[in-house]
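A.B. asks:
What follows is the structure, given as structure tokens:
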């Protein structure tokens, strides 16, 4: 009987941890059902020939990389984005782009993830794309990107205009 109680207590604790993680967006699963990591972000398409100044990222310099699913939509500055579209922004302190402070990430999740905010998941990782600093429905990210609601929460038109001038 004591073993059964210990087992049930352990199961309840694990279920609670999983429920909290799901609610906060912690340890989010990607489109392939695996925990999201982004170690291959440098292999994606770069849409910025050089770093651009980003007001939304504390006036730091950013580059923008998109995966194959996001590429056509981003480059044409259109919307909406398909589920599993991924955008990575390495953040730099200067225009040379030599040192990455962190990477910020957006992933278009399946409908219902965050319907009020276009179903985007946000993440902040280290340069390797494997060490999670923060992730989920991040309020600061949502507030800023909501300004671009008409283009599915992305500022691609502004970025593409800047990089083409």
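Numbering (my numbering), first residue to last: 76 to 240. Ideal placement from N, C-alpha and C gives every residue a C-beta, glycine not left out.
Can you grab the Cα-Cα spacing for the pair residue 172 / residue 134, in whole Å?
C.D. replies: Approximately 14 Å, taken between the alpha carbons.
A.B. asks: Provide the residue(s) that pair with residue 177 in DSSP beta bridges, ordered along the chain.
C.D. replies: Residue 177 pairs with 166.
A.B. asks: Excluding five sequence neighbours on each side, which residues of the same chain lie with their C-beta closer than 6 Å to the C-beta of residue 175?
C.D. replies: The answer, listed in chain order, is 165, 202.
A.B. asks: Out of 185, 232, 163, 225, point me to the one whose CA is closest to residue 120's CA.
C.D. replies: Closest option to residue 120, Cα to Cα, is 163.
A.B. asks: List the residues that DSSP assigns as beta-bridge partners of residue 207.
C.D. replies: Paired residues: 200.
A.B. asks: Only counting runs of 3 or more residues, tell me where the beta strand (DSSP E) segments fall wholly within the stretch 118-157, in order along the chain.
C.D. replies: Fully enclosed beta strand (DSSP E) runs of 3 or longer: 127-129, 135-137.
A.B. asks: Can you give the Cα-Cα distance for residue 143 and residue 188, rounded to whole angstroms?
C.D. replies: Cα to Cα, residue 143 sits roughly 22 Å from residue 188.
A.B. asks: Report the residue from 212, 209, 105, 183 whose alpha carbon sits nearest the alpha carbon of residue 229.
C.D. replies: With distances taken between Cα atoms, residue 229 lies closest to 183.
A.B. asks: Can you tell me the Cα-Cα spacing of residue 124 and residue 138, whole angstroms?
C.D. replies: Spanning the two alpha carbons is a distance of roughly 8 Å.
A.B. asks: So which of 136, 180, 215 has the shortest CA-CA distance to residue 115?
C.D. replies: It is 180 whose Cα lies nearest to the Cα of residue 115.
A.B. asks: What do you reckon, are the CB atoms on residue 208 and residue 177 nearer than 8 Å?
C.D. replies: In this structure, residue 177 lies closer than 8 Å to residue 208 by Cβ.
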